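In my numbering, the protein residues as written are 3 to 75.
Note that CB positions come from ideal geometry on N, CA and C, so glycine has one too.
This one's a predicted model, so the numbers in the text were calculated from it and none came from an experiment.
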């Protein structure tokens, strides 16, 4: 497994329309090429990520009891 490092990490810049190196601030990150704000994913990648995340969500309901039929007092 690769060890991530700051120099290879990239975020998406809407202005450059590409994944770019960035400067990290306290509340936001900025593109080193154009100075605009960057975000973690492009809109297409974000939609793809959310579709897969929604598919893995628990649909709710109660889990079956393991000790069904035994008294618990």
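Query - Contacting residues, own chain, Cβ-Cβ under 8 Å from residue 14 (five flanking each side not counted) - result: 20, 21, 22, 40, 41, 42, 43, 44 and 47
Query raised in the report: Under a Cβ-count criterion, where at least 16 other Cβ atoms within 10 Å of its own Cβ denotes burial, should residue 24 be classed as buried or exposed?
Result: buried
**Report entry** residue 20 - containing beta strand (DSSP E), residue span
**Finding:** 20 to 22
**Report entry** residue 31 and residue 18 closer than 9 Å at C-beta
**Finding:** no
Requested in this report: Keeping to the same chain, check which residues put their C-beta closer than 8 Å to that of residue 68; ignore five residues upstream and five downstream.
Outcome: none
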